[in-house]
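Heads up, the thing below is written out as structure tokens.
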């Protein structure tokens with residue numbers, strides 16, 4: 437099978453020759469630095485070195501960022517700390533010492549008037565939206581043998597970044613109508629920006645919505661708010677995607693999102709990643725609960741890979757045989773691979789997965 441055929445069979449619970457080999461989030465820079473001291477060549481990409489399939493999170497060229505961006509500038513520097521404005525308009529204080537840390541000082545959206553100014557930067561007609569396109573790139577996408585995705589934006593995560601968690605939580609309590617309006621207007625922007633790209637490039641394989649709206653005990657906002665305010669917007673986005681032939685829609689969300697999965701399914705989202713084990717996620721339990729309704733990506737505990745080879749084998753064998761047997765799973769570590777993972781452990785994990793996949 438081609439990499440594209442393999443992904444499509446896996447994501448639709450079909451019969452692939454084997455599962456795709458991806459790394460869902462990737463690797464810390466310090467991880468790659470470590471591995472280069474342990475034998476990984478510096479002049480070879482990690483995908484090539486590890487034999488990963490092409491198509492893991494490769495996306496078509498549509499820019500959903502704000503335009504214009506804010507100037508990156510130093511606001512103040514006092515007593516070992518500096519406050520800088522980022523390109524997103526957020527002020528961050530960096531504390532410099534034995535261990536550098538960052539604090540959020542100010543967010544660009546605090547009032548309705550702030551939002552009106554900020555959303556002017558979400559103009560679907562901005563030339564930057566499709567600046568990466570070109571005849572050669574369009575032709576490469578049309579003739580590809582690997583899967584490709586479209587980034588389908590964010591309904592909550594962007595607003596949280598622009599307002600801060602406390603800011604959006606207070607707005608939900610004090611002015612829910614305003615939050616609803618912002619979510620509607622963000623969704624308007626996503627649909628208006630993506631529609632021309634999807635009309636120009638039919639046959640996109642899947643979409644990814646980014647949220648990061650959970651922590652290790654559940655959702656950052658109530659499921660009732662999600663159902664009331666977000667599910668209608670998700671339905672608009674997934675409806676637009678399905679109208680363009682995209683029926684695999686994944687949500688990228690850290691933390692424990694067990695209580696949100698039924699709402700995402702209701703809204704037309706049918707896949708989740710990275711399935712953080714430290715946050716209480718359990719891909720085996722999710723497969724038993726949702727069967728073929730939910731595509732799973734990830735779920736291999738990065739902490740286990742940092743231990744000895746016996747722990748690596750225990751982690752893989754506790755999950756992979758069952759998940760491979762029932763289908764609809766793309767194996768991957770449950771977030772970016774940290775520098776505590778030795779190269780040999782990671783290679784052993786991949787070898788075990790390959791052996792199981794080929795046997796299955």
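Residue numbers (the numbering used here): 437 to 796. Even glycine gets a Cβ: it sits at the ideal position worked out from N, Cα and C.
Straight-line Cα distance separating residue j from residue i
i: residue 748; j: residue 562; result: 48 Å
i: residue 741; j: residue 776; result: 8 Å
i: residue 441; j: residue 456; result: 10 Å
i: residue 444; j: residue 641; result: 7 Å
i: residue 587; j: residue 496; result: 8 Å
i: residue 618; j: residue 673; result: 15 Å
i: residue 584; j: residue 628; result: 20 Å
i: residue 602; j: residue 667; result: 22 Å
i: residue 526; j: residue 520; result: 8 Å
i: residue 558; j: residue 735; result: 34 Å
i: residue 783; j: residue 758; result: 21 Å
i: residue 570; j: residue 610; result: 46 Å
i: residue 498; j: residue 483; result: 24 Å
i: residue 681; j: residue 514; result: 54 Å
i: residue 580; j: residue 705; result: 25 Å
i: residue 458; j: residue 652; result: 24 Å
i: residue 486; j: residue 594; result: 33 Å
i: residue 454; j: residue 764; result: 11 Å
i: residue 556; j: residue 493; result: 29 Å
i: residue 792; j: residue 608; result: 47 Å
i: residue 700; j: residue 512; result: 42 Å
i: residue 606; j: residue 547; result: 11 Å
i: residue 505; j: residue 577; result: 28 Å
i: residue 659; j: residue 613; result: 17 Å
i: residue 538; j: residue 529; result: 6 Å
i: residue 762; j: residue 447; result: 12 Å
i: residue 472; j: residue 781; result: 14 Å
i: residue 728; j: residue 450; result: 10 Å
i: residue 719; j: residue 460; result: 15 Å
i: residue 582; j: residue 491; result: 5 Å
Residues that DSSP places opposite residue i in a beta bridge
i: residue 766; result: 733
i: residue 754; result: The partner list for residue 754 (beta bridge, DSSP) is empty, contrary to what the question assumes.
i: residue 529; result: 519 and 539
i: residue 513; result: 518
i: residue 670; result: For residue 670, which the question treats as bridged, DSSP gives no partner whatsoever.
i: residue 495; result: 585
i: residue 463; result: 773
i: residue 654; result: 651
Contact check, residue i vs residue j, beta carbons under 8 Å
i: residue 710; j: residue 684; result: no
i: residue 730; j: residue 707; result: yes
i: residue 657; j: residue 687; result: no
i: residue 692; j: residue 650; result: yes
i: residue 767; j: residue 756; result: yes
i: residue 517; j: residue 531; result: yes
i: residue 648; j: residue 689; result: yes
i: residue 543; j: residue 600; result: yes
i: residue 752; j: residue 713; result: no
i: residue 452; j: residue 476; result: no
i: residue 643; j: residue 566; result: no
i: residue 622; j: residue 662; result: no
i: residue 463; j: residue 787; result: no
i: residue 508; j: residue 522; result: yes
i: residue 665; j: residue 616; result: yes
i: residue 552; j: residue 489; result: no
i: residue 479; j: residue 502; result: no
i: residue 671; j: residue 721; result: no
i: residue 474; j: residue 778; result: yes
i: residue 625; j: residue 698; result: no
i: residue 799; j: residue 510; result: The structure shown has nothing for residue 799, since the chain only spans 437 to 796.
i: residue 745; j: residue 676; result: no
i: residue 669; j: residue 620; result: yes
Bounding residues of the alpha helix (DSSP H) (the contiguous stretch that carries residue i)
i: residue 688; result: Looking at the DSSP string, residue 688 is not in any alpha helix (DSSP H); the run it does join, the beta strand (DSSP E), is 685-688.
i: residue 606; result: 601-610
i: residue 447; result: 439-447
i: residue 720; result: 719-726
i: residue 480; result: Residue 480 -> no alpha helix (DSSP H), and no H or E assigned at all.
i: residue 700; result: 697-702
i: residue 714; result: Residue 714 -> no alpha helix (DSSP H), and no H or E assigned at all.
i: residue 738; result: 738-741
Continuous beta strand (DSSP E) stretch holding residue i: start and end
i: residue 537; result: 537-542
i: residue 643; result: 642-646
i: residue 708; result: 707-709
Checklist entry - Unbroken beta strand (DSSP E) runs of length 3 or more, entirely within the stretch 551-597: which are they? => result 585-587
Item to check | Minimum length 3: unbroken beta strand (DSSP E) runs contained in the stretch 608-634 | outcome: none
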